[in-house]
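Working notes, structure below.
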Amino acid sequence: MLDAATSSASQSATFDAVIVGAGFSGLYQLHCLRNRLGLSAVVLEMADGVGGTWYWNRYPGARCDSESHSYCYGFSKELLEEWEWSERYPDHAEIRRYLNHVADRFDLKRDIRFNTRVVSARYDDAANLWHVATASGETFTATYLITAVGCLSSANVPNIPGLADFKGRWYHTGEWPHEGVDFTGKRVGQIGTGSTGIQAAPVIAEQAAHLTVFQRTANYSVPARNAPLTREFVDYVKRNHPEIRETMLGTPNGHPFVIENRSVFDVSEEERLALYEEAWEKGGLQFRATFRDLTTSKAANDTAAEFLKNKIRQIVKDPAKAAILSDIDHPYAAKRPPIDTDYFETFNRDNVSLVDLRKTPIERITERGIKTTDAEYELDIIVFATGFDAMTGPLFRLGITGRDGLALRDAWQAGPETYLGLGVPGFPNMFTITGPGSPSVLCNMPVAIEQHVDWITDCIAHMRANGIACIEAERPAALQWSDEVDRAANATLLPLAGHSWYLGANVPGKPRRFMPYAGGMAHYRQLCADVAAKGYPGFVLERALADA
Ligand code: NA7
3 MLDAATSSAS QSATFDAVIV GAGFSGLYQL HCLRNRLGLS AVVLEMADGV
53 GGTWYWNRYP GARCDSESHS YCYGFSKELL EEWEWSERYP DHAEIRRYLN
103 HVADRFDLKR DIRFNTRVVS ARYDDAANLW HVATASGETF TATYLITAVG
153 CLSSANVPNI PGLADFKGRW YHTGEWPHEG VDFTGKRVGQ IGTGSTGIQA
203 APVIAEQAAH LTVFQRTANY SVPARNAPLT REFVDYVKRN HPEIRETMLG
253 TPNGHPFVIE NRSVFDVSEE ERLALYEEAW EKGGLQFRAT FRDLTTSKAA
303 NDTAAEFLKN KIRQIVKDPA KAAILSDIDH PYAAKRPPID TDYFETFNRD
353 NVSLVDLRKT PIERITERGI KTTDAEYELD IIVFATGFDA MTGPLFRLGI
403 TGRDGLALRD AWQAGPETYL GLGVPGFPNM FTITGPGSPS VLCNMPVAIE
453 QHVDWITDCI AHMRANGIAC IEAERPAALQ WSDEVDRAAN ATLLPLAGHS
503 WYLGANVPGK PRRFMPYAGG MAHYRQLCAD VAAKGYPGFV LERALADA
């Protein structure tokens with residue numbers, strides 16, 4: 003084991019591993035490497051606290067769509083038993099409290115460098131080491147580079163002409179001010195109606211003088227039915243977490259519910275509507291699990307889509323608004339399905355209006371507000387709920403270069419190419435937690451993260467036990483895996499939402515490639531376990547020179 007020491011010659015602190023990011027991934031990876039394997043590891047984190055996604059996303063209504071009792075680590079029985087969530091879906095502040103609790107409980111903060119932004123990470127072929135540089139000029143050297151930067155951490159502010167002219171204030175939801183934003187008496191414009199916009203609009207509308215929602219693509223949403231957890235439920239979870247986790251680990255998406263094994267067409271129309279109604283009342287992402295073929299058969303999906311569009315028409319009283327909100331152009335759940343608290347009801351308020359950007363696109367932002375092709379909307383505040391440069395964006399920001407000076411950005415010019423979403427050809431000893439090509443965002447994130455961190459930890463332990471100095475994904479294996487990622491996506495309705503961020507379609511110029519692995523988490527876990535059990539086929543493992 004190397005010592006975490008600073009060499010005066012190079013001014014570079016040396017570690018076994020540099021981990022980038024202190025969210026769910028980075029915290030657990032540090033725990034595994036330091037507390038389990040006894041390695042020296044440091045986490046470099048650009049924020050001044052832990053939390054990752056939840057450090058930055060503090061917008062009004064920011065709340066997780068996974069149920070709280072499943073949105074947590076499963077590696078520690080004691081942690082599972084001592085932590086109590088307060089609501090069905092945890093809000094951003096409660097998740098930060100949880101992650102701070104984890105960081106303190108496992109004494110992690112002493113190895114996290116906060117306010118430390120990575121600007122480059124360069125693989126040194128000759129020394130088989132990574133050199134990581136930060137914005138403040140510090141450098142860190144390590145055998146392993148582990149990216150724990152999350153999938154949705156690079157905010158996408160669209161390049162709309164005139165933003166610099168706007169005299170009011172503007173904010174992106176993913177970089178929300180810690181002190182909050184006071185909307186009292188303000189005219190607010192919100193661009194974006196994805197999961198974030200759908201959470202934010204009802205809360206902003208309650209405070210603002212007027213809220214104008216600028217919608218480009220209409221979206222489905224199912225009520226979250228958030229509520230405080232009862233004592234009985236909290237106790238039930240404590241008593242039954244092994245069974246709950248077994249369910250989570252057995253499902254394709256890592257949630258604590260099973261997908262029903264019936265087809266839409268196994269039941270009569272009357273029964274189907276009753277089942278949808280029941281799922282609507284129950285609320286949450288579980289709506290998608292009402293039938294097994296909702297995500298794979300367009301005909302099956304159409305029945306759910308029609309049910310949900312009818313709900314919009316029933317809830318929204320103004321028929322013109324209802325028509326714009328229910329004019330949805332993609333199958334249900336082909337984009338990430340939002341869940342909400344009173345989203346459609348918000349459009350019944352007198353102080354909320356809706357602009358259909360499909361009919362009247364934004365021309366520019368002016369000094370006074372947003373100008374579409376048919377009107378200028380005067381605004382004091384613009385909220386960009388416009389999403390993220392997902393999955394690859396956070397990795398590119400690290401300025402990674404691999405073997406022979408190859409930049410990751412160049413290697414992935416035509417789209418990401420990984421083996422299992424864990425390794426990249428040309429980038430030895432680099433591991434990407436929930437990288438492109440892994441289930442990641444199609445799974446309840448902590449479940450995906452723990453599987454990756456456990457796999458990486460076992461791999462590093464294997465390397466050290468067997469004198470292996472270097473591991474690198476092989477190109478043919480990565481190409482084959484890319485084909486498998488495409489195949490898995492094409493077996494579902496996911497590619498039918500041509501404008502989704504899963505495809506990179508929300509960022510101009512980004513190559514269109516379906517990025518997450520849609521083959522299901524349980525199946526993927528088995529594939530990864532098989533690769534490890536067989537001695538890592540698809541990776542090249544090199545012994546240290548002295549041992550060769
Ligand atoms: P999303 O799901 O990417 O949604 C972004 C929204 O912003 C969506 O409605 C976009 O419309 C809209 N958008 C983006 N750019 C523009 C421009 N230039 N003009 C008008 N409207 C625009 O991001 P979220 O933050 O809501 O959710 C991200 C994930 O976080 C979510 O899926 C969960 O996993 C958690 P579009 O659909 O592209 O027409």
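First residue of the sequence shown: 3, per this note's numbering; consecutive thereafter.
Glycine is no exception: its CB is placed at the ideal position from the N, C-alpha and C atoms.
All values reported here derive from a predicted model rather than from experimental measurement.
Would you say the beta carbon of residue i is closer than 7 Å to some non-hydrogen atom of the ligand NA7?
{"i": "Thr198", "result": "yes"}
{"i": "Leu2", "result": "Residue numbering for the chain in the displayed model covers 3 to 550; residue 2 lies beyond these limits and cannot be assessed."}
{"i": "Trp132", "result": "no"}
{"i": "His212", "result": "no"}
{"i": "Gly389", "result": "yes"}
{"i": "Leu154", "result": "yes"}
{"i": "Pro160", "result": "yes"}
{"i": "Ile330", "result": "no"}
{"i": "Ala218", "result": "With the sequence shown as reference, residue 218 is identified as Arg, and Ala is not the correct amino acid for it. Yes, the ligand NA7 has a heavy atom inside 7 Å of this Cβ."}
{"i": "Thr292", "result": "no"}
{"i": "His180", "result": "no"}
{"i": "Thr195", "result": "yes"}
{"i": "Trp503", "result": "yes"}
{"i": "Thr175", "result": "yes"}
DSSP three-state label for residue i, please.
{"i": "Arg567", "result": "Within the shown structure, residues of the chain are numbered from 3 to 550, placing residue 567 beyond reach of any answer."}
{"i": "Asp109", "result": "coil"}
{"i": "Lys319", "result": "coil"}
{"i": "Thr175", "result": "helix"}
{"i": "Thr118", "result": "coil"}
{"i": "Tyr146", "result": "strand"}
{"i": "Thr214", "result": "strand"}
{"i": "Leu231", "result": "coil"}
{"i": "Leu154", "result": "coil"}
{"i": "Asp5", "result": "In this prediction, Asp5 scores a pLDDT of 42, lower than 50, which makes its location untrustworthy; the coordinate-derived value is nonetheless stated afterwards. Here Asp5 sits in coil by DSSP."}
{"i": "Pro244", "result": "helix"}
{"i": "Trp56", "result": "helix"}
{"i": "Val618", "result": "Limits of the chain in this structure are 3 at one end and 550 at the other, which puts residue 618 out of reach."}
{"i": "Phe267", "result": "helix"}
{"i": "Gly500", "result": "coil"}
{"i": "Gln330", "result": "The amino acid occupying residue 330 in the given sequence is Ile; Gln does not appear at that position. Coil, per DSSP."}
{"i": "Arg99", "result": "helix"}
{"i": "Pro62", "result": "coil"}
{"i": "Glu544", "result": "strand"}
{"i": "Val190", "result": "strand"}
{"i": "Arg124", "result": "strand"}
{"i": "Asp237", "result": "helix"}
{"i": "Ala141", "result": "The displayed chain sequence assigns Thr, not Ala, to residue 141. Three-state result, Thr141: strand."}
{"i": "Ala520", "result": "coil"}
{"i": "Glu86", "result": "coil"}
{"i": "Val533", "result": "helix"}
{"i": "Thr136", "result": "strand"}
{"i": "Pro340", "result": "coil"}
{"i": "Asp184", "result": "coil"}
{"i": "Pro510", "result": "coil"}
Compute the beta-carbon to beta-carbon distance between residue i and residue j, rounded to the nearest angstrom, for a pair I have assumed lies under 8 Å.
{"i": "Thr348", "j": "Leu495", "result": "About 28 Å; that fails the 8 Å criterion."}
{"i": "Asp18", "j": "Leu46", "result": "In fact, because the Cβ distance is near 14 Å, the residues do not count as touching under 8 Å."}
{"i": "Gly417", "j": "Arg515", "result": "3 Å"}
{"i": "Gly551", "j": "Phe541", "result": "The structure shown has nothing for residue 551, since the chain only spans 3 to 550."}
{"i": "Ile261", "j": "Arg294", "result": "6 Å"}
{"i": "Thr149", "j": "Thr368", "result": "Rounded, the Cβ-Cβ distance is 40 Å, inconsistent with contact."}
{"i": "Ile326", "j": "Leu356", "result": "6 Å"}
{"i": "Leu32", "j": "Leu110", "result": "5 Å"}
{"i": "Asn158", "j": "Phe390", "result": "5 Å"}
{"i": "Trp483", "j": "Leu422", "result": "6 Å"}
{"i": "Leu444", "j": "Pro396", "result": "Actually they do not touch by this definition, with Cβ atoms about 17 Å apart."}
{"i": "Phe259", "j": "Ala291", "result": "6 Å"}
With 8 Å set as the bound, which would you pick, yes or no: does the beta-carbon of residue i sit closer than that to a beta-carbon of chain B?
{"i": "Leu310", "result": "The displayed structure is made up of one protein chain only, and chain B is not part of it."}
Which parts of the stretch 420–495 are runs of the beta strand (DSSP E), unbroken and 3 residues or longer, counting only runs that do not cross its ends?
-> Those beta strand (DSSP E) runs which fall completely within the stretch 420–495 and span 3+ residues are 432–434, 470–475.
Which runs of the beta strand (DSSP E), 3 residues or longer, sit entirely within the stretch 350–433?
-> Correct list: 354–358, 364–367, 371–374, 378–380, 383–386.
So, do the stretch 26–43 and the stretch 121–139 have three or more beta carbon pairs nearer to each other than 8 Å?
-> The stretch 26–43 is not in contact with the stretch 121–139.
Starting from the N-terminal side, write out each stretch of the alpha helix (DSSP H) that is 4 residues or longer and does not extend beyond the stretch 8–50.
-> DSSP runs (the alpha helix (DSSP H)) wholly in the stretch 8–50: 26–32.
Does the stretch 287–307 come close enough to the stretch 334–350 to have 3 or more Cβ pairs within less than 8 Å?
-> Yes: the two stretches touch, three or more of their Cβ pairs being nearer than 8 Å.
Cβ pair count under 8 Å reaching 3, the stretch 300–307 against the stretch 328–339 | When Cβ pairs closer than 8 Å are counted between the two stretches, the stretch 300–307 is seen to touch the stretch 328–339, the count reaching three or more.
Any 3 or more C-beta pairs closer than 8 Å across the stretch 165–185 and the stretch 381–400 | Yes: the two stretches touch, three or more of their Cβ pairs being nearer than 8 Å.
Take every Cβ of the stretch 465–479, pair it with every Cβ of the stretch 94–109, and state whether three or more of those distances are shorter than 8 Å.
-> No, the stretch 465–479 is not in contact with the stretch 94–109.
In chain order, which continuous runs of the alpha helix (DSSP H) of length 4 or greater are located wholly inside the stretch 249–307?
-> The qualifying runs are 271–284.
Tell me, please, whether the stretch 527–544 touches the stretch 453–468 by the rule of three or more beta-carbon pairs shorter than 8 Å.
-> Flag = yes, the stretch 527–544 and the stretch 453–468 touch.
At a cut of 8 Å, does the stretch 77–87 reach the stretch 360–367 through at least three beta carbon pairs?
-> With the cut-off at 8 Å, the stretch 77–87 and the stretch 360–367 do not touch.
Are at least three pairs of beta-carbons, each pair with one atom in the stretch 523–536 and one in the stretch 454–461, less than 8 Å apart?
-> Counting Cβ pairs under 8 Å, three or more are found: they touch.
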